[in-house]
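Novice: Sharing a structure with you now.
In the numbering used here, the protein residues as written are 7 to 165.
Structural data, given as structure tokens:
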């Protein structure tokens with residue numbers, strides 16, 4: 007029998023986002039108004055562990071904002087809350103979503119240190135005009151460049 011996979015979503019609605027893109031209202035999309043805290047992370051992991059069968063491969067996922075654009079201290083607070091669960095195998099890894107222009111070598115090192123194995127880059131388009139009209143604040147060249155950086159770090163790019 008193969009292990010089941012389970013995503014444990016933790017929403018950080020609009021945190022880290024420098025722009026208000028025309029297509030995005032994270033508070034409405036996620037249904038969450040209050041940003042996640044360390045306790046939110048712990049509660050989500052413990053609830054998922056209680057509700058999923060033994061042997062389930064659980065992955066903590068930070069969605070709904072640009073995680074790597076959140077102040078570093080806040081990122082670390084959320085990552086630290088997950089570390090005991092990574093250490094004891096309750097969760098297997100962490101994934102997150104972020105803007106392509108909020109990633110550099112320092113950020114990638116931090117993500118690897120804390121167990122991030124998948125980054126979902128918010129690249130809604132590779133058409134510069136669409137990116138401009140939607141208010142993304144970056145162009146397609148930035149998306150391609152940051153995508154290469156993530157690939158070179160050996161962190162997977164999710165969708």
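Ideal Cβ positions, reconstructed from N, Cα and C, are used throughout, including at glycine.
1) Smallest Cα separation from residue 10: which of 65, 47 and 50?
2) Could you give the uninterrupted runs of the beta strand (DSSP E) lying entirely in the region 39 to 82, keeping only those of 3 residues or more?
3) Looking only at C-alpha atoms, which of 106, 139, 159 and 76 sits nearest to residue 147?
4) State the Cα-Cα distance for the pair residue 16 and residue 163, rounded to the nearest angstrom.
5) Thinking just about the alpha-carbon of each residue, which of 63, 76 and 161 is nearest to the one in residue 119?
6) Would the beta-carbon of residue 129 be found less than 6 Å away from any heavy atom of the ligand MN?
7) Considering just the uninterrupted stretch of the beta strand (DSSP E) at residue 104, what are its terminal residues?
8) Going along the chain, which unbroken runs of the beta strand (DSSP E) with 3 or more residues stay wholly within the region 111 to 151?
Specialist: So, to answer that:
1) 65
2) 63 to 69
3) 106
4) 18 Å
5) Residue 161 is the option with its Cα nearest to residue 119.
6) No copy of the ligand MN occurs in the structure displayed, which carries no ligand at all.
7) In this chain, the beta strand (DSSP E) harbouring residue 104 covers 99 to 104.
8) 122 to 127
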